[in-house]
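Novice: Take this structure first; my questions come after.
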Amino acid sequence: MAGILLDKAYLTAIWLETMFYGMNFVLFFACIVVLTIKRRTPKVNKLLVTIATLMFLFSTTHVSLGFQRLIEGFIRRRDWEGGPAAFFSDVSIPANVVKVGIHTVNSVIGDSVVVWRCYLVWGRDWKICIAPILLVAGSAVCGFAQTVYFAKAKEVHSAFAHILQIWNGSLFSLSLATNVTVTLLISLRVVYMLRDYGGKHTFPYFKVLLVVIESGMIYSVALICEITLYFLNSNAFYIVYDPIAQLTAIVPTMIIVLVALELTSNDVQSRMTKVTRPRVMRPGELSSNGLGKYTENSQLEAMQFATPTVRGSEFTETTFSDMFSNK
C-alpha cells in the first residue's frame, strides 16, 4: 500500500517539518526568556536551559539535514537511475542515518522530560514512574540499534523492508507505549488535582488545555498516526515522521514554559488552596471586625470551608526552582 509517491511524501514532510520548526523556534526563545530574563526564581535553572537548548539544536540539525537531502535528491541526483524516489528510499545514506540518530536522541530527551513531569505531578512517587522509565530505556536501545543497522543496510532500499520493520516496529511501539502510559498518568492526576478548581466562574477550556499540554497528549496522538501509517506500508508515514522530530522538542519545551510561568496544575491547585483556605483563629481571639470572639465551635465551622489537602500518594507543591533538584 504505497498511496502517495515517495518523493512527493518526502517533499511534503519537509514542508510540514519546516512549519513545526517555526513554532519550535519561537517557543524555544520564549522558553529562554522566561528561564533567564523573566525568571521568577533567584537563580537561573541551568539544567532546564541546557535541556531546552540541546533539543532545539538537535531539531535544527534535523530540519537542516532534511533540506540537504531535498537538494541532493531533487537537484543533484534527479537524473540518476531511479530518480529522487530511489535516493530517498536508500536508508543507508549518511545524512539519513544522522537524522535517524538525532530523532532518537531528541525522543529520549523529550520522553524523559515528560516522565519527570509525571514524577513531580504524582508527588515525587518514583514507583509510579518505574514502567515509563523502563519503556524509555527500551526505546533508546531500539532507536540506537536501528541507527546502527541503517548505517550498515547498504542493500536495503525501503524503510518498510521486513528486517527494518522489526527495529522500527519495536521503536515506535515502545515510544507509543511510553507516551500513552505517561499521558494517562498525568491526565488522571491533573484532572484529580483540578477537580475543585473553578466552579461556574472558571474558564473551562483552561483545564482542558492544561491537561493536553502537561500530559504531552499531542505527541501521543502524532505517534498513533505514525505507527498506523507505518504498518500500513504507506509512504504517507514520512509526512508524519519528519514533523514528529520537531514535536519531540516542542512538547517538552511547552511543559518547561508552563513550569517556569507557574501555570501547571501544581501551581493552580496551590493558589486555589491558599485562596480558599481561611485563617483559622484561636478560641477567644477577637475577630477582625471586633464584633465578637471565636469559640471552638466557630473555629470548626470555619475549617469546613478549607480546601482539603491531597492524601494517599502525598502531593507536595512543586515549584519551578525545585523541578530538577535532587531533593
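First residue of the sequence shown? That's 1 in the numbering used here, and the numbers climb one at a time after it. Think of the CB as a built atom: it goes at the ideal place given N, C-alpha and C, for glycine as much as any other residue.
Please state the DSSP three-state secondary structure of N226.
Specialist: The count along the sequence shown starts at 1 and reaches residue 226 at position 226. Position check: residue 226 holds Glu in this sequence, whereas Asn was assumed. Three-state result, E226: helix.
Novice: Would you grab the beta carbon distance between Y10 and S59 for me? Rounded to a whole angstrom, and I think it's under 8 Å.
Specialist: Translated into the one-based positions of the sequence shown, residue 10 becomes position 10. Translated into the one-based positions of the sequence shown, residue 59 becomes position 59. Wrong, their Cβ atoms sit about 18 Å apart, outside the cutoff.
Novice: DSSP three-state call for L5: helix, strand or coil?
Specialist: Walking along the sequence shown from the start, residue 5 turns up at place 5. Here L5 sits in coil by DSSP.
Novice: Going straight from the alpha carbon of D111 to that of A161, what length do you get?
Specialist: As a first step, residue 111 is located in the sequence shown; it is residue number 111 there, counting from the start. As a first step, residue 161 is located in the sequence shown; it is residue number 161 there, counting from the start. Cα to Cα, the separation comes out at about 27 Å.
Novice: In angstroms with no decimal places, state the Cα-to-Cα distance between Y192 and H103.
Specialist: To locate residue 192, count along the sequence shown from 1; it is residue 192. To locate residue 103, count along the sequence shown from 1; it is residue 103. For Y192 and H103, the distance between alpha carbons rounds to 34 Å.
Novice: Going by beta-carbon coordinates alone, are V411 and I133 separated by less than 9 Å?
Specialist: This structure does not reach residue 411, given that the chain is present from 1 up to 327, and the question cannot be answered.
Novice: Taking 8 Å as the cut-off, does the region 37-47 touch the region 90-108 (at least 3 CB pairs, one atom from each stretch)?
Specialist: Not touching, per the Cβ criterion.
Novice: Within its chain, find whatever has a CB closer than 6 Å to the CB of L185; leave out the 5 residues flanking it on each side and keep chain order.
Specialist: Position 185 of the sequence shown, counted from the start, is the residue given in the question as residue 185. C118, listed in sequence order.
Novice: Would you call F67 buried or exposed, if buried means 16 or more other Cβ atoms sit within 10 Å of its Cβ?
Specialist: The residue given as residue 67 occupies position 67 in the sequence shown. F67 is exposed by the Cβ-count criterion.
Novice: Mapping the DSSP letters down to three states, classify K152 as helix, strand or coil.
Specialist: Within the sequence shown, residue 152 is the residue found at index 152, counting from 1. Three-state result, K152: helix.
Novice: Using the beta-carbon count (16 or more within 10 Å), is M19 buried or exposed?
Specialist: Position 19 of the sequence shown, counted from the start, is the residue given in the question as residue 19. Residue burial is scored here from C-beta neighbours: M19 has fewer than 16 other C-beta atoms within 10 angstroms and is therefore classed as exposed.
Novice: Could you tell me the distance, in whole angstroms, from the CA atom of L35 to the CA atom of A249?
Specialist: In the sequence shown, the residue the question calls residue 35 occupies position 35. In the sequence shown, the residue the question calls residue 249 occupies position 249. Answer to the nearest angstrom: the Cα atoms are 16 Å apart.
Novice: Rounded to whole angstroms, what's the CA-CA distance from E17 to V240? Just pull it up for me.
Specialist: As a first step, residue 17 is located in the sequence shown; it is residue number 17 there, counting from the start. As a first step, residue 240 is located in the sequence shown; it is residue number 240 there, counting from the start. Their backbone Cα atoms lie some 9 Å apart in a straight line.
Novice: In the structure shown, what three-state DSSP assignment does I93 receive?
Specialist: In the sequence shown, the residue the question calls residue 93 occupies position 93. Coil, per DSSP.
Novice: Are the Cβ atoms of Y230 and F172 separated by less than 9 Å?
Specialist: Within the sequence shown, residue 230 is the residue found at index 230, counting from 1. Within the sequence shown, residue 172 is the residue found at index 172, counting from 1. In this structure, F172 lies closer than 9 Å to Y230 by Cβ.
Novice: By how many angstroms is the C-alpha of S187 removed from the C-alpha of S313?
Specialist: Translated into positions along the sequence shown, residue 313 becomes position 313. Translated into positions along the sequence shown, residue 187 becomes position 187. With a pLDDT of only 40 at S313, under 50, the local geometry of the prediction cannot be trusted, and the value read off the model is given with reservation. One C-alpha to the other measures close to 16 Å.
Novice: Quick check: K55 and P243, are their CB atoms within less than 9 Å of each other?
Specialist: By one-based count along the sequence shown, residue 55 stands at place 55. By one-based count along the sequence shown, residue 243 stands at place 243. In the sequence on display, residue 55 carries Met and not Lys. No. Outside cutoff.
Novice: Cβ atoms of Q146 and V135: under 9 Å apart, would you say?
Specialist: For the purposes of this step, residue 135 is taken as residue 135 along the sequence shown, with counting starting at 1. For the purposes of this step, residue 146 is taken as residue 146 along the sequence shown, with counting starting at 1. Strictly speaking, residue 135 in this sequence is Leu, with Val absent from that position. Against a cut-off of 9 Å, the Cβ pair of Q146 and L135 comes out as no contact.
Novice: Counting only runs that start and end within the region 51-126, where is the alpha helix (DSSP H) found for 4 or more residues in a row?
Specialist: Every alpha helix (DSSP H) stretch that sits fully inside the region 51-126 and reaches 4 residues is listed by chain position as 83-89, 94-121.
Novice: Residues in the same chain with beta-carbon distance under 8 Å from I166, minus the five sequence neighbours each way, listed in chain order, please.
Specialist: Taking the first residue of the sequence shown as position 1, residue 166 is located at position 166. Nothing listed; no residue qualifies.
Novice: Can you give the beta carbon distance from A177 to N168, rounded, assuming they're within the 8 Å contact cut?
Specialist: Against the sequence shown, residue 177 aligns to sequence position 177. Against the sequence shown, residue 168 aligns to sequence position 168. So it is not a contact: roughly 15 Å between Cβ atoms.
Novice: Pick from T181, I224, V91: whose alpha carbon is nearest that of L6?
Specialist: Translated into the one-based positions of the sequence shown, residue 6 becomes position 6. Its Cα nearest to that of L6, the residue V91 stands out among T181, I224, V91.
Novice: From this set, C142, F237, R76, P84, which residue's C-alpha is nearest S107's C-alpha?
Specialist: If you number the sequence shown from 1, residue 107 lands on position 107. Checking every option, the nearest Cα to that of S107 belongs to C142.
Novice: Would I75 and A236 be called neighbours here (beta carbons separated by less than 9 Å)?
Specialist: For the purposes of this step, residue 75 is taken as the residue at position 75 of the sequence shown. For the purposes of this step, residue 236 is taken as the residue at position 236 of the sequence shown. No, they are not a contact pair.
Novice: Over what stretch of residues does the alpha helix (DSSP H) that includes F237 continue unbroken?
Specialist: As a working note, residue 237 is residue 237 in the sequence shown. Per DSSP, the continuous alpha helix (DSSP H) segment holding F237 begins and ends at 237-260.
Novice: Would the beta-carbon of L70 fall within 9 Å of that of I14?
Specialist: Here the question's residue 70 lines up with position 70 in the sequence shown. Here the question's residue 14 lines up with position 14 in the sequence shown. With contacts defined by Cβ atoms closer than 9 Å, L70 and I14 form a contacting pair.
Novice: Looking at C-alpha atoms only, which residue of I109, V63, F25 is the closest neighbour of S175?
Specialist: Indexing the sequence shown from 1 puts residue 175 at position 175. Per the Cα distances, I109.
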